[in-house]
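First residue of the sequence shown? That's 1072 in the working numbering, and the numbers climb one at a time after it. Glycine included, C-beta positions come from ideal geometry on N, C-alpha and C. Have a look at the structure below before the remarks.
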Amino acid sequence: MEFRLLGPIEMWSDGQRHDAGWAKERHVLAVLALTPGQPVTVESLVTRVWDDDPPDRARDHLYSRISRLRATLNSMGEDAFIRNGRRAYVLETDKKNVDVHQFRELRSSARAVADSDPDHAVRMLRQAAALWRGEPLAGLTGAWVLGVRQGLESELSDSVLERCELELRLGRHAELVPELYELSKRDPLLEKPVELLMTALAGSGRVTEALSVYRLTRLRLREELGMDPGEALRALHQRLLRGDPSLLPTARAATPGGPAANLPRDQSTFTGRESELARLTELAIPHPTAVTVLAVDGMPGIGKTALVVHLAHLLAPHYPDGRLFLNLRGHSGEYDPLDPAEALSRLLGMIGVSRTEIPAGLEDRAALWRGRLASRRILLVLDDARGHEQVGDLLPGAPGSLVLVTSRRRLAGLDDAHCLSLEPLPPDEAARLFGRLIGPIRAEERDQVATVVGLCGHLPLAIQLAGNRLRHLPAWSVSDLASRLADDRRRLTEIRADNREITAAFDLSFRELGEASRRAFWSLGLHPGPDITLEAASAALDDEGLGVERLLDELYAHHLLAEPQRGRYRFHDLIRDYARAWSEAQPESERRGVFSRLLDYYLFCADQADRMLPPSRPRPPLRAVPVPGLQPPLDDPREWLDAELDNLLALMRQTSDGWPEHTGLLARVLAHYLETGGHWEQAVAVHERAIVAWRALRDDAGAARALTDLAKVRWRAGDHDDALRRAGEALAIQTRLGDFQGVGDLLDQIGLIHWHRSDFAAAREHYERALDIRRTLGDRPAEAESLGHLAIIAWHMSDYGTAARQLREALAVYREIGDDYHQAMTLNNLAEIEMRLGRHAAALDYYEQVTAVGLTMGRQHQAIWLSNVAVARQHLGRNPEALDYFQQSWAIYREIGDKRGESDVLNNIGFFHGQQGNDGEALVHHQRALTVARGINERYEESIALRGIGDVHQRAARHGDALEHYQVALDLAKAIGDGYQKALTLERMGASIKETGDMSEGQDCLEQALALYEQLGVPEAESLRTRLAAGPRSEARRAV
1072 MEFRLLGPIE MWSDGQRHDA GWAKERHVLA VLALTPGQPV TVESLVTRVW
1122 DDDPPDRARD HLYSRISRLR ATLNSMGEDA FIRNGRRAYV LETDKKNVDV
1172 HQFRELRSSA RAVADSDPDH AVRMLRQAAA LWRGEPLAGL TGAWVLGVRQ
1222 GLESELSDSV LERCELELRL GRHAELVPEL YELSKRDPLL EKPVELLMTA
1272 LAGSGRVTEA LSVYRLTRLR LREELGMDPG EALRALHQRL LRGDPSLLPT
1322 ARAATPGGPA ANLPRDQSTF TGRESELARL TELAIPHPTA VTVLAVDGMP
1372 GIGKTALVVH LAHLLAPHYP DGRLFLNLRG HSGEYDPLDP AEALSRLLGM
1422 IGVSRTEIPA GLEDRAALWR GRLASRRILL VLDDARGHEQ VGDLLPGAPG
1472 SLVLVTSRRR LAGLDDAHCL SLEPLPPDEA ARLFGRLIGP IRAEERDQVA
1522 TVVGLCGHLP LAIQLAGNRL RHLPAWSVSD LASRLADDRR RLTEIRADNR
1572 EITAAFDLSF RELGEASRRA FWSLGLHPGP DITLEAASAA LDDEGLGVER
1622 LLDELYAHHL LAEPQRGRYR FHDLIRDYAR AWSEAQPESE RRGVFSRLLD
1672 YYLFCADQAD RMLPPSRPRP PLRAVPVPGL QPPLDDPREW LDAELDNLLA
1722 LMRQTSDGWP EHTGLLARVL AHYLETGGHW EQAVAVHERA IVAWRALRDD
1772 AGAARALTDL AKVRWRAGDH DDALRRAGEA LAIQTRLGDF QGVGDLLDQI
1822 GLIHWHRSDF AAAREHYERA LDIRRTLGDR PAEAESLGHL AIIAWHMSDY
1872 GTAARQLREA LAVYREIGDD YHQAMTLNNL AEIEMRLGRH AAALDYYEQV
1922 TAVGLTMGRQ HQAIWLSNVA VARQHLGRNP EALDYFQQSW AIYREIGDKR
1972 GESDVLNNIG FFHGQQGNDG EALVHHQRAL TVARGINERY EESIALRGIG
2022 DVHQRAARHG DALEHYQVAL DLAKAIGDGY QKALTLERMG ASIKETGDMS
2072 EGQDCLEQAL ALYEQLGVPE AESLRTRLAA GPRSEARRAV
């Protein structure tokens, strides 16, 4: 378990990041994690999270946030948990699990050993700095956050200066100059970084430059603060003027025949890699009995050599007996790789062994090499190794030395080596590197910089080539370069500078592959999705089993393919472009064969997964699709579809050109998953492509099915007009074809659309026609579906007895055929009736039965269930739980884009806040609901939102505003024929009218409401009857 606060707030467990929730949950977590094991009072939490403007019932809000954090911690299965104290909360976890405390502990430990072992102290301070991932508590705001953030950033700044001071004591003056320049620029008025910079410059023999830094600092302090430098800086300046020898570099006498120091120069533009450097520095600690070997591998252009050379310069002072560099030419292209014997000959020459002394055989050379280094402590860089075989004989034998190896291949066979595989730079480091290459960046071009480095795949070599190219094109802007790189077809050729191209780096790795691996490489380049599994790759290559796995392993070993998730392989973006370029050079017949097999594989698997998804649906078999030799496990079909969704959508986009049948069939098998999973935006594009494809094939039945599927997702997304138009087109085709099952399905679908338009009469008419057809066909599941839909309309029209009867009929059918999914939906609707009739405990019992079904509901149905259970718990006084469920439901509706559901839950949250006396929150949520409902012409929810807004005005004694909203709500309730909503609004109107002094008209409204309540048999009748008992009655009841 790990809590990370030094950057965005994150929770990690077993190498996986877990959702830390919304901003306020992350805020609460940050407060508790800063003091683990110590209670934080509720008052302190509220103040620190909301400053001086807490919401009404802030304790309930806080409880809700704590509940969600507890649920996440429980799901992680770790020993950290949030405990209730006395009017306080405690995060029970060890301090070492919080990065802030890890940082402080490392800094404290470094201080403890700074005098006795400054080198070890430096490594610990670098390790501490590597914990930082950006601005601490990123994404949070408020006074408490600002104070904590400033304090932590000050701690980091102090620790960096402490580390620099130690490194100066170790004689690393020249290496520190670039870093200290950067530190002094961040806050030019701070004198400590300037003091250290001047010391580093002087120790590097750059005294004049050090004196210049002092003059500039003194001028700046006088101009901005009206003061001179402090005593320490003035004293250092005087020592430099006197030529104090303790500040100047001392020349080390050369040892005759001694070791070379031939490290390449460090790159002045080297940027980032702080965490990798900290990790490697930690691993570089000399081993008491063996040579320390660090191997850095990665794809072409990832920056392996730059990182290792930079690290070598940082560590060079620890290896006084030699700092050697040898290019093993593993991927040179121009020269053959160095064999171990020749490599040893060169290394022996570097340490002063004459050619005449170098023996002929490999074993003798290796023995001489180890013997000459027996009493020496050297740093050896072996760059660009072809494999572990090229390295083993070059390793020194005695402990104390350090060997740094780079390779494009993963060196799994290099015994006792610590291996680090480099990934592309994080976006912020990539942007910093680009900025160093091109110079100052205008504020308006920062977004374009992010675009450029993203199109370069955050690959250091690609960024360097693009930056160097731009620097020598003064007429170009960053936007110009971004537009050139945005073209997929020419991106690789655009990443160049002078005669250097990014493709040259890739060519060297590609040439190393065997023929079968090359074919696998370009074949996978035809896969349009973001990743591919072994099973899909086997289908593409028309092979299965170990053969394909070995090919993927070889591509993986050469860093031409990554495996970010077990069993799922992925190209780097630029490598994918490179693979596609190779595929385009292959014969068309071969390309079509590969792509056709991919399509058949995904079509077969998606079809199998769809048939396993609840609910069970009759669906005719597809045309004969070849059965893949290697099939994925489909124990959880929705999990497989979730994992493959991006691949399936990418295939759909590519099949539009020349693969019409696959386009139509893929859309058909994905329709239910996309609809129930809330992927409506993607589903619209999928079904529109399918319609075009079926029409191109002159397949009317296929076009009608695709139109029906499109109508469903248009309806789900709230575009009722287009949904009706599409469903009408499909109905006309199905009627002409004589497909009565299709006609019944479409009538039911049109009924659904009318229901959501609050046109209940039209909805009932279409449902009844669908029911007649389905009964004639003997289609029991479809008959139950129509009964369930008719029950919903009866509920809206306040005929609760009919609704309950139809739902029980439908439930009996679903139980008879074993359809758990629709049982759950029907039980949910029966619970709604119990809620309406005031039987909240009975409703909650139905909801618990829904939970007991134990099936995986689609996202939309989860949201419906959560909102309904929240209402029931609210009526039973379980308010914090209710609010938590409401908010979970709202989050799902927003995520999937269900506007009707969103307006419904917003109204529920509004009424919740109103009942808690929090009218500000109530008004906000009802107004949001009104906006959403009007956006999709959802009159039912619009009416409820208007009534909720009227309630807020009524409680504030703004009776004119209240009546204005009630009147519009009443008109809508009458128009859609919802007697219950009409009664609720009349009751509110009557109360407001009485408050204005018109007792007679107010009494009329109340009595009309009572008559409706009595007619509907709802519990509101009893409470209103009691209120009216003492007052006069009118004839209004007979007018209802």
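Exercise. From what residue to what residue does the alpha helix (DSSP H) around cysteine 1527 run?
Worked result: Translated into positions along the sequence shown, residue 1527 becomes position 456. Segment: none, cysteine 1527 is in no alpha helix (DSSP H) and carries neither H nor E.
Exercise. Between the C-alpha atoms of glutamine 1986 and leucine 2077, what's the straight-line distance to the nearest angstrom?
Worked result: Residue 1986 sits at position 915 when you count from the first residue of the sequence shown. Residue 2077 sits at position 1006 when you count from the first residue of the sequence shown. One C-alpha to the other measures close to 21 Å.
Exercise. Which of the three DSSP states, helix, strand or coil, is assigned to histidine 1643?
Worked result: To locate residue 1643, count along the sequence shown from 1; it is residue 572. In the structure shown, histidine 1643 sits in coil (DSSP, three-state: anything other than H, G, I, E or B).
For this session: Have a look at Gly1948, Leu1162, Phe1811 and Val1452 and flag the residue whose alpha-carbon is nearest the alpha-carbon of glycine 1393.
Result: One-based indexing of the sequence shown puts residue 1393 at position 322. Checking every option, the nearest Cα to that of glycine 1393 belongs to Val1452.
For this session: Note down the Cα distance separating histidine 1132 from proline 1126, rounded to an integer number of angstroms.
Result: Translated into positions along the sequence shown, residue 1132 becomes position 61. Translated into positions along the sequence shown, residue 1126 becomes position 55. Spanning the two alpha carbons is a distance of roughly 8 Å.
Exercise. Tryptophan 1093: buried (16+ other C-beta within 10 angstroms of its C-beta) or exposed?
Worked result: Here residue 1093 is taken as the residue at index 22 of the sequence shown, counted from 1. With fewer than 16 other Cβ atoms within 10 Å, it is exposed.
Problem set entry | Segment contact, 8 Å Cβ cut-off, at least three pairs: the region 1772-1779 with the region 1793-1809 | yes
Exercise. Counting along the chain, where does the beta strand (DSSP E) carrying tryptophan 1961 start and finish?
Worked result: On the sequence shown, residue 1961 is found 890 positions in, with the first residue counted as 1. Element bounds for tryptophan 1961: not the beta strand (DSSP E) but the alpha helix (DSSP H), 1950-1967.
Exercise. Start and end of the alpha helix (DSSP H) containing valine 1117?
Worked result: Stepping through the sequence shown from its first residue, residue 1117 is reached at position 46. First-last of the alpha helix (DSSP H) with valine 1117: 1113-1121.
Exercise. Between leucine 2095 and phenylalanine 1957, what straight-line distance do the alpha-carbon atoms span, to the nearest angstrom?
Worked result: Position 1024 of the sequence shown holds residue 2095. Position 886 of the sequence shown holds residue 1957. Spanning the two alpha carbons is a distance of roughly 28 Å.
For this session: Please check the pair leucine 1901 and alanine 1875, which I expect to be a contact at CB under 8 Å, by giving their CB distance rounded to whole angstroms.
Result: By one-based count along the sequence shown, residue 1901 stands at place 830. By one-based count along the sequence shown, residue 1875 stands at place 804. Contact holds; Cβ gap of about 7 Å.
For this session: Provide the residue(s) that pair with cysteine 1490 in DSSP beta bridges, ordered along the chain.
Result: For the purposes of this step, residue 1490 is taken as residue 419 along the sequence shown, with counting starting at 1. The partner list for cysteine 1490 (beta bridge, DSSP) reads Ala1366.
Exercise. Which first and last residues belong to the alpha helix (DSSP H) in which tyrosine 1672 is found?
Worked result: To locate residue 1672, count along the sequence shown from 1; it is residue 601. From DSSP, the alpha helix (DSSP H) with tyrosine 1672 extends over 1659-1683.
Problem set entry | Proximal residues to leucine 1745 (C-beta, below 8 Å), its chain only, five neighbours per side dropped | Taking the first residue of the sequence shown as position 1, residue 1745 is located at position 674. Excluding residues within five positions, the ones whose Cβ falls inside 8 Å are Trp1751, Gln1753, Ala1754, Val1757 and Val1784.
Problem set entry | Secondary structure of glutamine 1636, DSSP reduced to three states | Reading the sequence shown from its first residue, position 565 is the one you call residue 1636. The answer is strand: DSSP assigns glutamine 1636 an E or B state.
For this session: State the DSSP-derived secondary structure class of threonine 1270, mapped to helix, strand or coil.
Result: In the sequence shown, the residue the question calls residue 1270 occupies position 199. Correct three-state label for threonine 1270: helix.
Problem set entry | Beta-carbon proximity list for alanine 1324, same chain, < 6 Å, skipping 5 on both sides | Within the sequence shown, the letter at position 253 stands for residue 1324. Residue placement at alanine 1324 cannot be trusted, given a pLDDT of 31 that sits under 50; what the coordinates show is reported in the next sentence. Closer than 6 Å at Cβ, skipping near neighbours: no residue.
Problem set entry | DSSP bridge partner residues for valine 1161 (one or two, in chain order) | Along the sequence shown, one-based indexing puts residue 1161 at 90. In DSSP, valine 1161 forms a bridge with Arg1154.
For this session: Report all residues from its chain with a CB closer than 6 Å to the CB of glutamate 1073; omit the five preceding and five following residues, and keep chain order.
Result: Residue mapping note: residue 1073 aligns to position 2 of the sequence shown, counting from 1. Short of 6 Å from the beta carbon of glutamate 1073, and not among the five residues preceding or following it, lie these beta carbons of its own chain, in chain order: Trp1083 and Asn1168.
Exercise. Of the residues Ala1941, His1529, Phe1675 and Leu1254, which one's Cα is nearest the Cα of glycine 1372?
Worked result: Along the sequence shown, read from residue 1 onward, the residue named residue 1372 stands at position 301. That would be His1529, whose Cα lies nearest to the Cα of glycine 1372.
Problem set entry | Inter-residue spacing [alpha-carbon to alpha-carbon] between alanine 1833 and glycine 1822 | Indexing the sequence shown from 1 puts residue 1833 at position 762. Indexing the sequence shown from 1 puts residue 1822 at position 751. Taking the straight line from one Cα to the other gives about 7 Å.
Exercise. Thinking just about the alpha-carbon of each residue, which of Pro1300, Asp1258 and Leu1312 is nearest to the one in glutamate 1280?
Worked result: Taking the first residue of the sequence shown as position 1, residue 1280 is located at position 209. Nearest of Pro1300, Asp1258 and Leu1312 to glutamate 1280, Cα basis: Leu1312.
Exercise. Got a sec, what are the start and stop residues for the alpha helix (DSSP H) valine 1706 sits in?
Worked result: Numbered from 1 along the sequence shown, position 635 holds the residue referred to as residue 1706. The sequence shown places aspartate at residue 1706, rather than the valine named in the question. Unbroken run through aspartate 1706: none, as it is neither H nor E.
For this session: May I ask you to report which of helix, strand or coil DSSP gives methionine 1421?
Result: As a first step, residue 1421 must be located in the sequence shown, where it is residue number 350. Reduced to three states, the DSSP call for methionine 1421 is helix.
Problem set entry | Delimiting residues of the beta strand (DSSP E) encompassing arginine 1394 | Along the sequence shown, read from residue 1 onward, the residue named residue 1394 stands at position 323. Element bounds for arginine 1394: 1394-1398.
Problem set entry | 8 Å contact criterion, which leucine 1908 and proline 2090 should meet: CB distance rounded | Within the sequence shown, residue 1908 is the residue found at index 837, counting from 1. Within the sequence shown, residue 2090 is the residue found at index 1019, counting from 1. Between the beta-carbon of leucine 1908 and that of proline 2090 there is about 7 Å, and that keeps the pair under the 8 Å contact cut.
Problem set entry | Under the three-state DSSP convention, the category threonine 1288 falls into | Taking the sequence shown and counting its residues from 1, one reaches residue 1288 at position 217. Judged by DSSP in its simplified three-state form, threonine 1288 adopts helix.
Problem set entry | Beta carbon of glycine 1600 nearer than 7 Å to that of aspartate 1717 | As a first step, residue 1600 must be located in the sequence shown, where it is residue number 529. As a first step, residue 1717 must be located in the sequence shown, where it is residue number 646. Contact flag set, yes.
Exercise. Taking the alpha carbon of proline 1249 as the point to measure from, which residue in Ala1199, Arg1310, Gly1218 and Thr1342 has its own alpha carbon closest?
Worked result: Here the question's residue 1249 lines up with position 178 in the sequence shown. Looking at the Cα atoms, Thr1342 is the closest of the given residues.
Exercise. Roughly how many whole angstroms lie between the Cα atoms of alanine 1568 and leucine 1267?
Worked result: As a first step, residue 1568 is located in the sequence shown; it is residue number 497 there, counting from the start. As a first step, residue 1267 is located in the sequence shown; it is residue number 196 there, counting from the start. So the alpha carbons of these two residues sit roughly 38 Å apart.
Exercise. Between which two residues does the beta strand (DSSP E) harbouring glutamine 1087 extend?
Worked result: Walking along the sequence shown from the start, residue 1087 turns up at place 16. Here the beta strand (DSSP E) through glutamine 1087 covers 1087-1089.
Exercise. Apart from the five residues on each side of it in sequence, which residues of its chain come closer than 7 Å, Cβ to Cβ, to threonine 1574?
Worked result: On the sequence shown, position 503 is the one that residue 1574 refers to. These residues qualify, in order along the chain: Leu1563 and Tyr1649.
Problem set entry | Identity of the residue in Tyr1672, Leu1354, Ile2007 and Asn1398 nearest leucine 1382 by Cα | Reading the sequence shown from its first residue, position 311 is the one you call residue 1382. If we check each option's Cα against that of leucine 1382, Leu1354 comes out closest.
For this session: Assuming proline 1470 contacts alanine 1361 (C-beta within less than 8 Å), just tell me the rounded distance between them.
Result: Start at 1 with the first residue of the sequence shown, and residue 1470 comes out as number 399. Start at 1 with the first residue of the sequence shown, and residue 1361 comes out as number 290. Contact between proline 1470 and alanine 1361 is confirmed by a C-beta separation of about 5 Å, below the 8 Å threshold.
For this session: Starting from the C-beta of threonine 1340, find all residues in its chain whose C-beta is less than 7 Å away, skip the five residues before and the five after it, and write them out in chain order.
Result: Position 269 of the sequence shown, counted from the start, is the residue given in the question as residue 1340. Leu1504, Arg1507 and Leu1508.
Exercise. Are the beta-carbon atoms belonging to histidine 1402 and leucine 1579 less than 7 Å from one another?
Worked result: As a position in the sequence shown, residue 1402 is number 331, starting the count at 1. As a position in the sequence shown, residue 1579 is number 508, starting the count at 1. Contact flag set, yes.
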